[in-house]
Amino acid sequence: MLLSNPEKSEVSVVDFFNNVAPDWFHLLGLMGIPLLICALLVVTISLERFVYYVKLSLKWTSYYETIAAHVICLKDHPKELRDEVASHILSEIQNSFFKGISLLRTISVISPLLGLLGTILGIISAFKVIAVHTGPVSPSMIADGLWEAMLTTAVGLIIALPAIMTAYVFKYLGDQKIHKIYLQLNRLSMSYELKKHGGSHD
Numbered sequence: 267m268l269l270s271n272p273e274k275s276e277v278s279v280v281d282f283f284n285n286v287a288p289d290w291f292h293l294l295g296l297m298g299i300p301l302l303i304c305a306l307l308v309v310t311i312s313l314e315r316f317v318y319y320v321k322l323s324l325k326w327t328s329y330y331e332t333i334a335a336h337v338i339c340l341k342d343h344p345k346e347l348r349d350e351v352a353s354h355i356l357s358e359i360q361n362s363f364f365k366g367i368s369l370l371r372t373i374s375v376i377s378p379l380l381g382l383l384g385t386i387l388g389i390i391s392a393f394k395v396i397a398v399h400t401g402p403v404s405p406s407m408i409a410d411g412l413w414e415a416m417l418t419t420a421v422g423l424i425i426a427l428p429a430i431m432t433a434y435v436f437k438y439l440g441d442q443k444i445h446k447i448y449l450q451l452n453r454l455s456m457s458y459e460l461k462k463h464g465g466s467h468d
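Heads up, the final residue of the sequence shown is numbered 468 in my numbering, and it's a clean run with no missing numbers.
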């Protein structure tokens with residue numbers, strides 16, 4: 267049975283970031299830094315939202331009880347006031363539930379455009395090299411310039427797909443949570459209204 271050498275694995279990872287990664291980053295040209303920023307933002311926002319919703323699910327009961335307390339303290343007030351307070355609470359919840367989603371959607375639009383711009387700039391550079399080349403132009407020379415140019419478009423799409431997918435997933439989760447809170451608060455407010463009218467009939 268072969269055992270992997272931890273030191274060898276560590277060296278290979280270090281070699282990748284020292285040798286391979288800079289080469290690929292260099293191939294991206296001027297769009298390398300903007301695309302890297304977009305990729306880091308997608309990873310950061312996705313992880314933050316994932317942790318947020320996991321914590322929210324684990325503490326859902328106490329979270330709802332904290333929200334419902336604002337409606338409970340108004341149980342003797344008119345229903346219109348309770349509904350207004352509930353609406354204000356839902357508006358505040360939306361801001362926390364949908365945090366970062368608009369940025370993910372923006373990145374999903376911008377990153378392919380950055381990639382396409384990088385491709386166009388790369389093609390221009392490739393043809394400039396061919397134009398000043400004095401010898402015969404081989405197909406491999408053209409192909410080599412084109413694949414390097416189109417690499418930025420591929421990277422832009424690779425960034426955009428996870429960005430738009432995570433944006434829709436977290437938007438769906440947020441909508442479901444908000445709808446659930448809305449139904450529970452509405453049911454709570456209606457129960458106080460029914461008790462009030464029931465008591466008045468008695």
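Positions of the beta carbon are idealized from the N, C-alpha and C atoms, including for glycine. Values in this document were obtained by computation on a predicted structure and should not be read as measured data.
{"Asked": "Looking at C-alpha atoms only, which residue of Arg315, Leu296, Ser328 is the closest neighbour of Phe436?", "Found": "Arg315"}
{"Asked": "State the Cα-Cα distance for the pair Lys365 and Gln442, rounded to the nearest angstrom.", "Found": "15 angstroms"}
{"Asked": "Identify whether Ser270 lies in helix, strand or coil by the three-state DSSP scheme.", "Found": "Confidence is the limiting factor: at Ser270 the pLDDT is only 48, short of 50, which leaves the residue's position unreliable, though a coordinate-based value still follows. It is coil, neither helix nor strand."}
{"Asked": "Comparing C-alpha positions only, which one of Ile425, Ile430, Glu358, Asp342 sits nearest to Ser457?", "Found": "Asp342"}
{"Asked": "Which residues in the same chain as Leu423 place their Cβ atom closer than 7 angstroms to its Cβ, once the five residues preceding and following it in sequence are excluded?", "Found": "Pro378, Gly381"}
{"Asked": "Please list the terminal residues of the continuous alpha helix (DSSP H) segment that includes Thr327.", "Found": "326-338"}
{"Asked": "Please list, in chain order, all residues of the same chain as His444 whose beta carbon is under 8 angstroms from its beta carbon, the five residues on each side excluded.", "Found": "The displayed chain sequence assigns Ile, not His, to residue 444. Answer for Ile444: Leu356, Ile359, Gln360, Phe363, listed in chain order."}
{"Asked": "Is Asp349 helix, strand or coil when you go by DSSP?", "Found": "helix"}
{"Asked": "First and last residue of the alpha helix (DSSP H) that includes Phe393?", "Found": "367-398"}
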